[in-house]
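Okay, so here's the structure we're looking at.
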Amino acid sequence: MASRARARRSWASTVTGVLLLAVMLFPVYWMANVSLQPSGSAVQTPWFPVRLSFAGYGVALSQQGGHLLTSLLVAAGSVAFSLLVATPAAYALAHFRLRGSTAMLFGILISQMIPGIVVANALYSAYNDLGLLNSIPGLILADSTAGIPFAILILRAFLGAIPTEVVEAARVDGAGQIRAFVSIVLPMSRNALITAALFTFLFTWSDFLFALTLTTTEDVRPVTLGLYQYIGTYVNDWSSVMATAVLASIPAVVLLLVAQRYVTAGVTGGAVK
Amino acid sequence: MADTHGRGGVTTYRPSNGVARAAAAGPAWWSARRRERLLRLAFLLPAVAYLLAFFGYPVAQNVVMAFQHYTTATFYTGEAPWVGLANYAAVVGSPVFAKALLNTALFTLGSIAGQFVIGLAIAVFFRRQFPLSRVLRSLLLLPWLVPLIVSGAVWRWILDQDNGVLNRFLGALHLVDRPGWLTSTSLALIAVILVNIWIGIPFNTTILYGGLQDIPEELYEAAAMDGATGWRAFRYVTWPLLRPVVNVVLVLGVVYTIKVLDIILGLTGGGPANATQTIATQSYQLSFQQFDFGQGAALGNILIVISLVFALFYLRASRGAVRG
């Protein structure tokens with residue numbers, strides 16, 4: 001009797017939870033709904049895509065396809081660069097008691113308080129001199145301001161958990177510092193590296209500020225800026241705008257569906273350290 | 274340079290094969306040890322160089338630029354005349370400044386209060402562990418994971434005065450007559466705050482849920498035996514034990530919210546009539562629309578100081594509270 005009452009109560013919680021989620025995710029549903037409506041019928045969008053149309057996606061892909069590709073290149077480049085820089089540093093911070101480690105961690109925490117607009121303001125003139133405006137490497141470097149501090153913090157927490165003895169054993173067997181790092185530490189930190197990589201990808205993919213300030217021409221234009229320029233002008237074809245929004249959301253959705261366990265690790269790991 | 278780090282290197286030093294061999298060779302012993310120390314620093318070097326170039330340099334450069342008349346002309350002539358405190362005087366004296374400062378405070382406090390209270394309520398709700406709770410909890414993260422500019426675009430259409438789904442819904446209920454959420458000077462800031470609350474709820478829920486999971490079940494059982502359940506259990510068990518996590522969430526929340534730009538630019542661009550202009554958006558407009566980088570830098574520096582002062586003050590206050 002009692003357990004049946006409890007079971008009923010927990011299913012009631014499920015119903016509440018589903019309703020809660022329906023409210024929270026309504027904007028996401030609406031984005032998908034509008035993206036699948038025939039274009040031109042902006043007024044009084046039906047509640048469901050009854051007249052299913054992919055015309056919006058056709059327009060979005062033809063106008064924003066290149067921008068999506070740019071975003072992909074920049075995000076992939078930033079993942080590679082961020083991990084290359086952050087992983088050895090995280091290892092050093094976790095395992096070598098170097099003087100200045102505390103200062104560096106403090107610096108990373110302070111860096112989180114520096115507004116992106118301040119960084120962009122100074123980088124604009126520096127990039128202008130260096131010829132990095134409107135370039136993929138320029139965006140990769142600037143966008144890594146999100147990925148590198150995050151990756152250092154999360155990797156440091158994880159690499160600190162690898163027992164020193166494991167590394168020492170390898171070193172006694174004759175492996176140098178770099179060999180031990182590459183062949184022992186890196187394989188053991190696979191999960192942390194995946195988490196760091198996924199989030200760096202997402203941060204870079206979502207970047208808007210550096211795309212807005214450090215590009216001035218059509219040549220190198222990430223999809224976030226493409227979307228911004230869509231909504232900046234008078235919009236009469238919302239289905240292609242929302243189709244672009246859906247396409248720009250794909251990495252987030254994929255991350256949530258495919259790599260769910262890494263996501264929670266990333267959200268909590270990055271914050272509590 | 275490497276010698277200043279000597280002590281740290283020695284204490285963690287472990288002999289290895291290469292070093293033992295080198296030790297036999299006499300004077301080379303020192304160089305092997307030194308090599309090891311340099312190698313260890315080399316692990317850190319790229320990250321230090323990057324952080325200095327992409328955080329240290331911009332901050333230093335902003336401090337300098339704020340004292341200069343730095344405009345587009347500077348890119349051609351290479352000249353940025355020294356103007357002392359004129360940029361600060363201009364931005365602080367501008368009629369937009371007070372408005373932007375107030376908006377920044379309202380936007381930050383409103384967003385954080387909403388995100389935190391709703392996020393905490395949802396986190397407490399999810400503690401119940403019901404069927405599908407895990408799946409629902411992870412799907413909840415979606416608003417936080419999609420790019421901010423995507424949320425901005427979606428909400429811009431939802432909140433549209435004439436064709437937005439929100440006004441259609443409210444109209445069907447005969448509640449209000451088509452408010453211009455993003456076009457009315459009295460509503461725009463509220464609308465922007467509401468959207469930002471929606472974006473921040475998942476982050477707050479996830480972190481606070483993690484904190485709740487770390488509170489041992491036995492404490493609730495003991496509290497229940499003393500007659501503390503429901504609200505009283507929350508007040509006397511959950512809240513005190515959750516305080517450290519709460520501090521982290523609030524400090525991070527403020528530090529991130531105070532510098533937000535994407536969502537405001539996406540929704541209103543700071544308008545109408547500066548109704549949603551914040552220090553961050555104003556700094557952007559000064560630098561990248563009026564091309565007065567000196568004034569943009571001055572405003573950016575003010576933003577950093579506000580952020581730092583808040584973080585220090587809050588951390589100190591909360592540490593005192595926890596100790597006392």
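Line order of the protein sequences matches chains A and B.
Taking this note's numbering, the leading residue of the first sequence gets 1, the next gets one more, and so forth.
Taking this note's numbering, the leading residue of the second sequence gets 274, the next gets one more, and so forth.
Where is the CB? At the ideal position from N, CA and C, for every residue including glycine.
Under a CB-based cut-off of 9 Å, is residue i close to chain A?
{"i": "Lys532(B)", "result": "yes"}
{"i": "Asp535(B)", "result": "yes"}
{"i": "Thr350(B)", "result": "no"}
{"i": "Arg218(B)", "result": "Nothing about residue 218(B) can be read from this structure; chain B reaches only from 274 to 597."}
{"i": "His278(B)", "result": "Any reading at His278(B) must be qualified, since the residue scores a pLDDT of 38, below 50, and its modelled position is unreliable; the value itself is stated next. Yes - at least one Cβ of chain A is within 9 Å of the one on His278(B)."}
{"i": "Ser556(B)", "result": "yes"}
{"i": "Glu385(B)", "result": "Note that residue 385(B) corresponds to Ile in the displayed sequence, not to Glu. Not an interface residue."}
{"i": "Tyr343(B)", "result": "yes"}
{"i": "Ala297(B)", "result": "Summary for Ala297(B): the model assigns pLDDT 47, below 50, so the residue's position carries little reliability; its value from the coordinates is reported in the next sentence. Answer no: the Cβ-Cβ gap between Ala297(B) and chain A never drops below 9 Å."}
{"i": "Gly542(B)", "result": "yes"}
{"i": "Glu309(B)", "result": "yes"}
{"i": "Leu415(B)", "result": "yes"}
{"i": "Pro452(B)", "result": "no"}
{"i": "Ser367(B)", "result": "no"}
{"i": "Val364(B)", "result": "no"}
What do you get for residue i, buried or exposed, if any count of 16 or more other CB atoms within 10 angstroms of its CB means buried?
{"i": "Gly232(A)", "result": "exposed"}
{"i": "His67(A)", "result": "buried"}
{"i": "Arg400(B)", "result": "exposed"}
{"i": "Thr204(A)", "result": "buried"}
{"i": "Leu515(B)", "result": "buried"}
{"i": "Thr217(A)", "result": "exposed"}
{"i": "Gly138(A)", "result": "buried"}
{"i": "Tyr29(A)", "result": "exposed"}
{"i": "Thr102(A)", "result": "exposed"}
{"i": "Arg51(A)", "result": "exposed"}
{"i": "Glu494(B)", "result": "exposed"}
{"i": "Asp600(B)", "result": "Absent from the structure is residue 600(B), since the part of chain B shown begins at 274 and ends at 597."}
{"i": "Arg4(A)", "result": "exposed"}
{"i": "Val118(A)", "result": "buried"}
{"i": "Gly174(A)", "result": "exposed"}
{"i": "Ala339(B)", "result": "buried"}
{"i": "Val522(B)", "result": "buried"}
{"i": "Leu255(A)", "result": "buried"}
Using a beta-carbon distance below 9 Å, is residue i in contact with chain B?
{"i": "Thr102(A)", "result": "no"}
{"i": "Gln63(A)", "result": "no"}
{"i": "Pro163(A)", "result": "no"}
{"i": "Ser13(A)", "result": "yes"}
{"i": "Ala92(A)", "result": "yes"}
{"i": "Tyr230(A)", "result": "yes"}
{"i": "Pro38(A)", "result": "no"}
{"i": "Met113(A)", "result": "yes"}
{"i": "Tyr124(A)", "result": "yes"}
{"i": "Pro88(A)", "result": "yes"}
{"i": "Ser78(A)", "result": "no"}
Whose C-beta lies closer than 8 Å to the C-beta of residue i among residues of the same chain, with five residues either side of it excluded?
{"i": "Arg280(B)", "result": "Summary for Arg280(B): the model assigns pLDDT 35, below 50, so the residue's position carries little reliability; its value from the coordinates is reported in the next sentence. Closer than 8 Å at Cβ, skipping near neighbours: no residue."}
{"i": "Pro251(A)", "result": "Ala75, Phe201, Leu202, Trp205"}
{"i": "Leu485(B)", "result": "Ala396, Val397, Arg400, Thr511, Leu515"}
{"i": "Gly483(B)", "result": "Val518"}
For the candidate residues the options, whose alpha-carbon lies nearest to that of residue i?
{"i": "Asp237(A)", "options": "Ala426(B), Tyr349(B), Asn360(B), Leu358(B)", "result": "Ala426(B)"}
{"i": "Ala524(B)", "options": "Arg505(B), Ile385(B), Trp355(B)", "result": "It should be pointed out that residue 524(B) corresponds to Val in this sequence rather than to Ala. With distances taken between Cα atoms, Val524(B) lies closest to Ile385(B)."}
{"i": "Ala353(B)", "options": "Phe370(B), Gln334(B), Ala363(B), Pro368(B)", "result": "Gln334(B)"}
{"i": "Ala305(B)", "options": "Val258(A), Arg261(A), Gly176(A), Thr224(A)", "result": "Gly176(A)"}
{"i": "Glu491(B)", "options": "Thr479(B), Ala464(B), Ala506(B)", "result": "Ala506(B)"}
{"i": "Thr164(A)", "options": "Ala92(A), Leu193(A), Gly100(A)", "result": "Ala92(A)"}
{"i": "Asn33(A)", "options": "Ser39(A), Met24(A), Phe48(A)", "result": "Phe48(A)"}
{"i": "Phe348(B)", "options": "Arg221(A), Val185(A), Ala126(A)", "result": "Ala126(A)"}
{"i": "Ile531(B)", "options": "Ala496(B), Leu460(B), Leu576(B), Trp430(B)", "result": "Leu576(B)"}
{"i": "Ala546(B)", "options": "Arg307(B), Leu314(B), Thr478(B), Asn376(B)", "result": "Asn376(B)"}
{"i": "Leu418(B)", "options": "Val85(A), Val263(A), Ala192(A)", "result": "Val263(A)"}
{"i": "Val235(A)", "options": "Asp435(B), Gly483(B), Arg508(B), Val332(B)", "result": "Asp435(B)"}
{"i": "Tyr361(B)", "options": "Val321(B), Val521(B), Ser556(B)", "result": "Ser556(B)"}
{"i": "Phe54(A)", "options": "Met242(A), Leu256(A), Ala86(A)", "result": "Met242(A)"}
{"i": "Asn191(A)", "options": "Ile154(A), Phe181(A), Ala7(A), Asp207(A)", "result": "Ile154(A)"}
{"i": "Thr458(B)", "options": "Val365(B), Gly567(B), Gly544(B)", "result": "Gly544(B)"}
What residues are listed by DSSP as bridge partners for residue i?
{"i": "Trp355(B)", "result": "Gln341(B)"}
{"i": "Asp565(B)", "result": "Thr344(B)"}
Grab me the residues of residue i's own chain with a C-beta within less than 6 Å of its C-beta, minus the 5 sequence neighbours each way, in chain order.
{"i": "Trp217(B)", "result": "The requested residue 217(B) is not part of the displayed model; chain B covers only 274 to 597."}
{"i": "Leu324(B)", "result": "none"}
{"i": "Ile470(B)", "result": "Ser384, Gly387, Gln388"}
{"i": "Pro331(B)", "result": "none"}
Which residues in the same chain as residue i place their Cβ atom closer than 7 Å to its Cβ, once the five residues preceding and following it in sequence are excluded?
{"i": "Ala248(A)", "result": "Val223, Thr224, Leu227"}
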